[in-house]
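A.B. asks: Before we start, here is the structure in question, set down as structure tokens.
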Amino acid sequence: MSDFDPSPRIAEDLKLPVRGVRAVAQLLAGGATVPFIARYRKEQTGGLDEVAIRAVEEKRESLLELEARRQTILRAIEAQGKLTPDLRRDLEACASRAALEDLYAPYKAKRRTRASMARERGLEPLAKRIFAQPSQGDPRTEARAFVSADKDVPDVDAALAGARDIVAELVADRADVRALARARFDREGLVESARVPAKTKAPTKFEAYYDTSERCRTIPSHRVLAILRGEEEGVLRVKVRVDEDALAFETAKLVGWRRGSPFATELEEALVDSSKRLLCPSIESDVRADLKERADVEAVKIFAENLAKLLLAPPLGRHVVIGIDPGQRTGCKCVVVDDTGKLLMHTVLHLVQGEAQLTAAKKALAALVTKHAPKAVAVGNGTHGRETADFARAVVAEMNAKDVIVVLVSESGASVYSASDVAREEMPDVDLTVRGAASIARRLQDPLAELVKLDPKVIGVGQYQHDVHQPLLRRKLDEVVESAVSSVGVELNTASASLLSRVAGVGPSLAKKIVAHRDARGGFRSRRELLDVSSLGPKAFEQAAGFMRIHGANNPLDASAVHPERYRLVERIARDAGVEVSALVGDEALLTRIVWSRYADDEVGAPTLEDIRRELARPGRDPRASFEAPSFRDDVRTIEDVKEGMTLEGVVTNVTAFGAFVDIGVHQDGLVHVSQLSDRFVKDPNTVVRVGDRLEVRVLSVDLARKRISLSAKSASAKSPGTA
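Residue numbers (my numbering): 334 to 1057.
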């Protein structure tokens, strides 16, 4: 195992250079993080990006697990004294877990089975005769020798039945037979679902799956998860099926069944039993597991893509913001946060408790706008969000405050945050409803900084996120958050512990120590001061420092993505140019005149030099797009206002395998089915739209009873499926 090198196999499977794969493996083994490797070790990896590096990481883990299982199986069979050179060769050649387990099946310890009980009754010699299919002899005559009351074999039929049980298990455990069955399931397998009558007397959400049959090869991931959920809830019966008789016939050919043998009928009966009772259920179980795993991977991929888009949504930036969490009976919670997100004050605005209260609310909001000069008013987009936003716009317009915008902000998960330990630590002296309003304001300022405080599953951009394998989901979402934070960078002197914990190489414990050190010392003046933080050693510094920024630091490079390990190189470049480092920053003309190739050596090549040049040209640049507020039609406020044929502007809130959900401003997202996303054929919705995208849509239908809105993003001239 210690000599096992998966790099060549990884390189072949992923179509990557072996040298780069080995470099990634060595760096990961040395404690390097994926963002660090992708950004600061391009020369070693050949410029592999984060996607490729994570693929290498996952493939390597998978192959190491496979190899560990192989070694366990080899030792187990060797301990039984049954490991022949041919079997060893076959086991060492296995490229999949399924093939490995199929070879191991005959040697695996089993619970008591019909075959094992038949062996205990001494019927194995008869089973061998049946399987050998001699051209002479009579099975019933030979079976009489095995009849024994003491061994619980009362008659010839019992002897033959027990012998057939042994043959059935022997055949079902053969690796070549199992491979044959897997191939048939892969080629022709059907996922069938049917309703459970007792559970479907009333309508259910699984009606589309009551009587369906789809090929295993092509069934979409979301349908797999939906069907399995229906089965778990007792509404559906699900089976993965192949033609068992046809499989038995194929198996007969494989094992050499001979029609002319007097034992042919016994063997045929054993093969049919093997197929229906043992082989198909066993392979079906594996196929179901594979379908679930495939569906999980696809669902998690979609969730991760949606989350990445949401995290990297355009920020309003460092501006004062008023946040409003709409409410009727108890009023709207209203807060003001400063340009760093710090809570300055809070109040309650009553909009529906009478004219006097409404007038007081207008005066209160106007006073806040006058006093704090906010850049925006952020209003939660939940119930009564549109009405509250209209109220705020009217106040702002009456004041002629043209520089103040009013924006509806997604409040998914805000209530979860407001009751969390993080929220209590940040705002211990206020009610959780105030924390929710503050979170809405901060989401507008910087979606990434605020959303990292939440479990991504509560943000509402997933598909069957509670049904998928949770460790896989957690890992992928953590990777997305880490990548997003690393791509943007964090301001060391203002970032929350939640945000710092997501920086490559940091984690929750170290993040809290950084914040405590910052609070005690009054902030960091240089990146090097990170080394003064308790438990933050050279390795953590190496991994994290490049992703942390200190604006206003003595060294301008501390506000950039240039890694501290390259400061001396930049100082040398500045010296050769006859200027201070600060003069290099932002001077495109000067940077263009530098002959960068002069500074290449064994450690620093063209990729790193180009990164340094770009960073000096625009230090600490934010990769996120500029903020632009969305707008909805004034005459469409509730689902009752939505009419077939309307053209509306909306914002994509979720992308799934079957389409995209779009917020059109009526508190009920509409669905653009994958078939309606574009005039051309679309297989993967993520290739057309992403969370946060603006979309012009046409209303196809409105179902008020079920609160469903069907939309189309096709051009008006495009023909829908089925039209002439």
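Ideal Cβ placement from N, Cα and C applies to all residues, glycine included.
Would you kindly work out how many angstroms separate the C-alpha atoms of D544 and E425, rounded to a whole number?
C.D. replies: One C-alpha to the other measures close to 44 Å.
A.B. asks: Okay, do the region 570-581 and the region 632-647 touch, 3+ Cβ pairs below 8 Å being the bar?
C.D. replies: Output reads no: the region 632-647 does not touch the region 570-581.
A.B. asks: Which runs of the alpha helix (DSSP H), 4 residues or longer, sit entirely within the region 564-609?
C.D. replies: As far as the region 564-609 is concerned, its whole alpha helix (DSSP H) runs of at least 4 residues are 577-588, 597-606.
A.B. asks: If we call anything under 9 Å between Cβ atoms a contact, is L561 one with K625?
C.D. replies: Yes, the Cβ-Cβ distance between L561 and K625 is below 9 Å.
A.B. asks: Whose C-beta lies closer than 6 Å to the C-beta of R722 among residues of the same chain, with five residues either side of it excluded?
C.D. replies: Rather than Arg, the amino acid found at residue 722 in this sequence is Ala. V712, V739, L741.
A.B. asks: Name the one or two DSSP bridge partners that D658 has.
C.D. replies: Answer is K666, bridged to D658.
A.B. asks: May I ask you to check if the CB of H1006 is nearer than 8 Å to at least one heavy atom of the ligand SAH?
C.D. replies: For the structure depicted, the ligand SAH is absent and the ligand set is empty, with no information on it obtainable.
A.B. asks: In the region 981-1023, which residue ranges form an unbroken beta strand (DSSP E) of at least 3 residues, counting only runs that do not cross its ends?
C.D. replies: Counting whole runs of 3 or more residues, the region 981-1023 contains the beta strand (DSSP E) stretches 992-996, 1003-1006.
A.B. asks: For the candidate residues L347, G379, E731, K845, whose alpha-carbon lies nearest to that of A939?
C.D. replies: Of the listed residues, the one whose Cα sits closest to A939 is G379.
A.B. asks: At what residues does the beta strand (DSSP E) containing T545 begin and finish?
C.D. replies: Run containing T545: 544-548, per the beta strand (DSSP E) assignment.
A.B. asks: Looking at the structure shown, is I1042 part of a helix, part of a strand, or coil, going by DSSP?
C.D. replies: Reduced to three states, the DSSP call for I1042 is strand.
A.B. asks: By DSSP, does S753 sit in helix, in strand, or in coil?
C.D. replies: Note: S753 maps to coil in three-state DSSP.
A.B. asks: Measuring alpha carbon to alpha carbon, tell me which of E475, A958, R445, S449 ends up nearest L459.
C.D. replies: L459 has its Cα closest to that of E475, out of E475, A958, R445, S449.
A.B. asks: I'd like to check one pair, L777 with L303: are the Cβ atoms closer than 9 Å?
C.D. replies: Residue 303 is absent from the model: the chain starts at 334 and stops at 1057.
A.B. asks: Do V848 and S829 have their CB atoms nearer than 9 Å?
C.D. replies: Yes, the Cβ-Cβ distance between V848 and S829 is below 9 Å.
A.B. asks: Check each candidate in Q469, A494, S468, P467 and name the one with the smallest Cα separation from V480.
C.D. replies: V480 has its Cα closest to that of A494, out of Q469, A494, S468, P467.
A.B. asks: On the three-state DSSP scale, how would you describe R473?
C.D. replies: Helix, per DSSP.
A.B. asks: How many Å lie between A399 and A431 at the Cα?
C.D. replies: Reading off the sequence shown, one finds Leu at residue 399, where the question assumed Ala. Rounded to the nearest angstrom, the two C-alpha atoms are 10 Å apart.
A.B. asks: Can you give me the C-alpha to C-alpha distance between V681 and F539, rounded to a whole angstrom?
C.D. replies: Distance between the alpha carbons of V681 and F539 is about 43 Å.
A.B. asks: With DSSP as the reference, please indicate the residues paired to V678 in a beta bridge.
C.D. replies: Note that residue 678 corresponds to Met in the displayed sequence, not to Val. Paired residues: V669.
A.B. asks: My output table needs one value for E394: the three-state DSSP class, helix, strand or coil.
C.D. replies: Helix, per DSSP.
A.B. asks: Spell out a yes or no on whether the region 380-393 and the region 343-359 are touching, meaning 3 or more CB-CB pairs, one atom from each, closer than 8 Å.
C.D. replies: Touching, per the Cβ criterion.
A.B. asks: Can you tell me where the beta strand (DSSP E) holding I738 begins and where it ends?
C.D. replies: Counting along the chain, the beta strand (DSSP E) containing I738 begins and ends at 738-742.
A.B. asks: By a C-beta neighbour count over all protein chains shown, 10 Å radius and 16 as the cutoff for buried, is L397 buried or exposed?
C.D. replies: Exposed, since its Cβ has fewer than 16 Cβ neighbours within 10 Å.
A.B. asks: Looking at the secondary structure, which residues open and close the alpha helix (DSSP H) in which A770 lies?
C.D. replies: 765-778 is the extent of the alpha helix (DSSP H) around A770.
A.B. asks: Any idea what DSSP makes of E1029, helix, strand or coil?
C.D. replies: The answer is strand: DSSP assigns E1029 an E or B state.
A.B. asks: Just how far apart, CA to CA, sit R408 and R402?
C.D. replies: Cα to Cα, the separation comes out at about 10 Å.
A.B. asks: Between the region 833-842 and the region 660-673, do at least 3 Cβ pairs fall closer than 8 Å?
C.D. replies: No: fewer than three Cβ pairs fall under 8 Å.
A.B. asks: Would you mind working out which of I386, P339, E977 sits nearest E812, comparing C-alpha positions?
C.D. replies: Of the candidates I386, P339, E977, the one whose C-alpha sits nearest the C-alpha of E812 is I386.
A.B. asks: Excluding sequence positions up to five away, which residues of its chain have a Cβ less than 6 Å from the Cβ of T1056?
C.D. replies: Residue placement at T1056 cannot be trusted, given a pLDDT of 40 that sits under 50; the coordinates are not used to answer.
A.B. asks: DSSP three-state label for S816, please.
C.D. replies: Helix, per DSSP.
A.B. asks: Considering Cα atoms alone, identify which of A365, N826, A907 is closest to G856.
C.D. replies: Looking at the Cα atoms, N826 is the closest of the given residues.
A.B. asks: Taking three-plus beta-carbon pairs below 8 Å as touching, is the region 747-757 in contact with the region 601-615?
C.D. replies: Segments in contact, no.
A.B. asks: Give the single residue among A603, A465, V588 whose Cα lies nearest to the Cα of V510.
C.D. replies: Considering only alpha carbons, the answer is V588.
A.B. asks: Buried or exposed for L864, going by 16 or more other Cβ atoms inside 10 Å?
C.D. replies: Looking at its Cβ environment, which holds fewer than 16 other Cβ atoms inside 10 Å, L864 is exposed.
A.B. asks: Secondary structure at V912, three-state DSSP: helix, strand or coil?
C.D. replies: V912 falls in the coil class under three-state DSSP.
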